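In UniProt numbering, the protein residues as written are 1 to 178.
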(Lines of atoms letter the chains of each structure in order from A and count residues from 1; the text may use other names and numbers.)
(Lines give C-alpha, C1' and ligand atoms only; values in the text may rest on other atoms or scores of the structure.)
Protein backbone atom coordinates (compact mmCIF):
# COMPACT_ATOMS: atom_id res chain seq x y z
CA UNK A 1 0.00 0.00 0.00
CA UNK A 2 1.37 3.38 -1.04
CA UNK A 3 0.83 6.28 1.37
CA UNK A 4 1.60 9.80 0.15
CA UNK A 5 1.94 12.70 2.58
CA UNK A 6 1.07 16.12 1.17
CA UNK A 7 1.78 19.55 2.63
CA UNK A 8 2.30 22.90 0.93
CA UNK A 9 6.01 23.06 0.10
CA UNK A 10 7.11 19.45 0.68
CA UNK A 11 10.01 20.57 2.84
CA UNK A 12 8.65 20.49 6.43
CA UNK A 13 5.67 18.30 7.40
CA UNK A 14 5.20 15.90 4.48
CA UNK A 15 8.86 14.81 4.40
CA UNK A 16 8.62 14.13 8.14
CA UNK A 17 5.58 11.93 7.46
CA UNK A 18 7.32 10.13 4.61
CA UNK A 19 10.49 9.45 6.59
CA UNK A 20 8.66 8.54 9.82
CA UNK A 21 6.13 6.11 8.30
CA UNK A 22 8.60 3.20 7.90
CA UNK A 23 9.37 3.38 11.63
CA UNK A 24 5.68 2.96 12.53
CA UNK A 25 4.45 0.77 9.66
CA UNK A 26 7.35 -0.77 7.73
CA UNK A 27 4.93 -2.80 5.62
CA UNK A 28 3.70 0.36 3.84
CA UNK A 29 5.37 2.33 1.05
CA UNK A 30 5.86 6.05 1.78
CA UNK A 31 6.19 9.08 -0.48
CA UNK A 32 5.46 12.80 -0.20
CA UNK A 33 4.79 15.90 -2.27
CA UNK A 34 3.69 19.51 -1.96
CA UNK A 35 0.73 21.34 -3.43
CA UNK A 36 2.96 24.32 -4.23
CA UNK A 37 6.37 22.81 -3.73
CA UNK A 38 9.39 23.35 -5.89
CA UNK A 39 11.25 20.35 -7.22
CA UNK A 40 14.51 19.10 -5.73
CA UNK A 41 14.71 21.20 -2.56
CA UNK A 42 16.26 19.73 0.57
CA UNK A 43 14.18 19.18 3.68
CA UNK A 44 13.89 22.24 5.94
CA UNK A 45 16.84 22.41 8.36
CA UNK A 46 14.66 22.21 11.49
CA UNK A 47 12.74 19.21 10.13
CA UNK A 48 16.07 17.56 9.30
CA UNK A 49 17.36 18.32 12.80
CA UNK A 50 14.31 16.72 14.44
CA UNK A 51 14.51 13.60 12.29
CA UNK A 52 18.26 13.24 12.81
CA UNK A 53 17.76 13.56 16.58
CA UNK A 54 15.53 10.49 16.34
CA UNK A 55 17.96 8.46 14.24
CA UNK A 56 16.48 9.17 10.80
CA UNK A 57 18.81 10.40 8.05
CA UNK A 58 16.96 12.94 5.85
CA UNK A 59 19.95 13.87 3.67
CA UNK A 60 18.73 12.08 0.52
CA UNK A 61 15.29 13.72 0.59
CA UNK A 62 14.34 16.08 -2.27
CA UNK A 63 11.00 17.85 -2.63
CA UNK A 64 8.49 17.50 -5.45
CA UNK A 65 5.07 18.80 -6.39
CA UNK A 66 1.97 16.62 -6.32
CA UNK A 67 0.84 15.55 -9.77
CA UNK A 68 -2.34 13.81 -10.90
CA UNK A 69 -0.23 10.74 -11.67
CA UNK A 70 1.25 10.58 -8.16
CA UNK A 71 -2.11 11.21 -6.50
CA UNK A 72 -3.91 8.64 -8.64
CA UNK A 73 -1.24 5.99 -8.03
CA UNK A 74 -1.59 6.40 -4.25
CA UNK A 75 -3.69 4.15 -2.07
CA UNK A 76 -3.93 6.72 0.74
CA UNK A 77 -3.10 10.43 0.78
CA UNK A 78 -2.57 12.13 4.15
CA UNK A 79 -2.60 15.93 4.30
CA UNK A 80 -1.95 18.39 7.11
CA UNK A 81 -4.45 21.16 6.26
CA UNK A 82 -8.01 21.27 4.90
CA UNK A 83 -6.85 23.44 1.99
CA UNK A 84 -4.39 20.77 0.83
CA UNK A 85 -7.16 18.16 0.76
CA UNK A 86 -9.29 20.52 -1.31
CA UNK A 87 -6.41 21.18 -3.73
CA UNK A 88 -5.86 17.45 -4.27
CA UNK A 89 -9.56 17.05 -5.05
CA UNK A 90 -9.09 19.56 -7.88
CA UNK A 91 -5.74 18.18 -9.11
CA UNK A 92 -6.85 14.53 -9.05
CA UNK A 93 -10.61 14.18 -8.45
CA UNK A 94 -10.60 10.37 -8.47
CA UNK A 95 -8.16 10.33 -5.54
CA UNK A 96 -10.40 12.52 -3.35
CA UNK A 97 -12.05 9.54 -1.66
CA UNK A 98 -8.62 8.34 -0.49
CA UNK A 99 -7.46 11.76 0.74
CA UNK A 100 -7.70 12.75 4.41
CA UNK A 101 -6.25 15.04 7.01
CA UNK A 102 -3.77 12.88 8.92
CA UNK A 103 -5.44 13.55 12.28
CA UNK A 104 -8.90 12.82 10.86
CA UNK A 105 -7.68 9.54 9.45
CA UNK A 106 -6.06 8.59 12.77
CA UNK A 107 -9.34 9.36 14.55
CA UNK A 108 -11.29 7.32 11.98
CA UNK A 109 -8.94 4.37 12.51
CA UNK A 110 -9.41 4.61 16.28
CA UNK A 111 -13.19 4.84 15.90
CA UNK A 112 -13.29 1.82 13.57
CA UNK A 113 -11.18 -0.22 15.98
CA UNK A 114 -13.37 0.74 18.97
CA UNK A 115 -16.63 0.05 17.10
CA UNK A 116 -15.51 -3.19 15.48
CA UNK A 117 -15.66 -1.76 11.94
CA UNK A 118 -12.05 -2.66 11.13
CA UNK A 119 -12.11 -5.50 8.61
CA UNK A 120 -9.29 -7.49 7.06
CA UNK A 121 -6.43 -9.80 7.87
CA UNK A 122 -3.62 -7.47 6.79
CA UNK A 123 -2.86 -3.87 7.67
CA UNK A 124 -3.57 -2.93 4.05
CA UNK A 125 -7.01 -4.55 4.20
CA UNK A 126 -7.78 -2.84 7.51
CA UNK A 127 -6.72 0.55 6.12
CA UNK A 128 -8.87 -0.07 3.04
CA UNK A 129 -11.84 -0.83 5.29
CA UNK A 130 -11.43 2.57 6.97
CA UNK A 131 -11.18 4.31 3.58
CA UNK A 132 -14.25 2.43 2.31
CA UNK A 133 -16.29 3.38 5.39
CA UNK A 134 -15.03 6.97 5.68
CA UNK A 135 -18.28 8.64 4.64
CA UNK A 136 -20.11 6.76 7.40
CA UNK A 137 -17.38 7.28 10.02
CA UNK A 138 -16.50 10.94 9.43
CA UNK A 139 -19.67 12.38 11.04
CA UNK A 140 -19.00 10.31 14.17
CA UNK A 141 -15.63 11.84 14.98
CA UNK A 142 -14.82 15.39 16.10
CA UNK A 143 -13.42 17.91 13.65
CA UNK A 144 -9.66 18.10 13.89
CA UNK A 145 -7.38 21.06 13.56
CA UNK A 146 -4.73 21.43 10.91
CA UNK A 147 -1.15 20.57 11.81
CA UNK A 148 0.48 23.98 11.69
CA UNK A 149 2.95 24.73 8.93
CA UNK A 150 6.23 25.42 10.76
CA UNK A 151 7.94 27.00 7.74
CA UNK A 152 9.61 30.25 8.80
CA UNK A 153 8.60 29.77 12.44
CA UNK A 154 10.66 28.96 15.50
CA UNK A 155 11.92 25.51 16.41
CA UNK A 156 9.12 24.92 18.94
CA UNK A 157 6.55 24.95 16.10
CA UNK A 158 8.59 22.32 14.24
CA UNK A 159 8.71 20.21 17.40
CA UNK A 160 4.95 20.51 17.89
CA UNK A 161 4.28 19.54 14.26
CA UNK A 162 6.68 16.59 14.58
CA UNK A 163 4.96 15.37 17.75
CA UNK A 164 1.49 15.67 16.19
CA UNK A 165 2.63 13.67 13.15
CA UNK A 166 4.17 11.00 15.38
CA UNK A 167 1.00 10.79 17.48
CA UNK A 168 -1.20 10.35 14.40
CA UNK A 169 1.10 7.70 12.91
CA UNK A 170 1.22 5.85 16.23
CA UNK A 171 -2.58 5.82 16.41
CA UNK A 172 -2.88 4.53 12.85
CA UNK A 173 -0.23 1.87 13.49
CA UNK A 174 -1.74 0.74 16.81
CA UNK A 175 -5.29 0.53 15.49
CA UNK A 176 -4.41 -1.36 12.31
CA UNK A 177 -2.20 -3.98 13.98
CA UNK A 178 -3.79 -7.32 14.85
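Glycine included, each C-beta is placed from N, C-alpha and C at the ideal position.
Note that the structure is predicted; figures quoted are calculated from it, not measured.
Review point. Near residue 180, which residues of its chain fall below 6 angstroms by C-beta distance, leaving aside the five closest residues on each side in sequence?
Key: Nothing in the structure corresponds to residue 180, since the chain is present only between 1 and 178.
Review point. With residue 146 and residue 80 assumed to form a contact (beta carbons below 8 angstroms), what rounded beta-carbon distance in angstroms separates them?
Key: 6 angstroms
Check your understanding: What residue range is occupied by the uninterrupted alpha helix (DSSP H) comprising residue 91?
Key -> 82-91
**Study point:** 6 angstroms CB neighbourhood of residue 87 in its chain, flanking five on each side removed
**Key:** 35
Review point. Candidates 89, 20, 13 and 75: which alpha carbon is nearest residue 43's?
Key: 13
Practice item. Drop a sphere of 10 angstroms on the beta-carbon of residue 38, count the other beta-carbons inside from all chains shown, and report buried for 16 or more, exposed for fewer. Key: exposed
Review point. So who's on the other strand from residue 33, going by DSSP bridges?
Key: 6
Review point. What is the DSSP secondary structure of residue 77, counted as helix, strand or coil?
Key: strand
Check your understanding: From 74, 75 and 102, pick the residue whose C-alpha is nearest to that of residue 84; which is it?
Key -> 102
Check your understanding: In chain order, what residues of the same chain lie with their CB nearer than 6 angstroms to the CB of residue 96, ignoring the 5 residues before and after it?
Key -> 89
Review point. Which residues bound the beta strand (DSSP E) around residue 101?
Key: 99-101
Point to revise | Where residue 150 falls, given that 16 or more other Cβ within 10 Å makes a residue buried | key: buried
Review point. Between residue 33 and residue 56, what straight-line distance do the alpha-carbon atoms span, to the nearest angstrom?
Key: 19 angstroms
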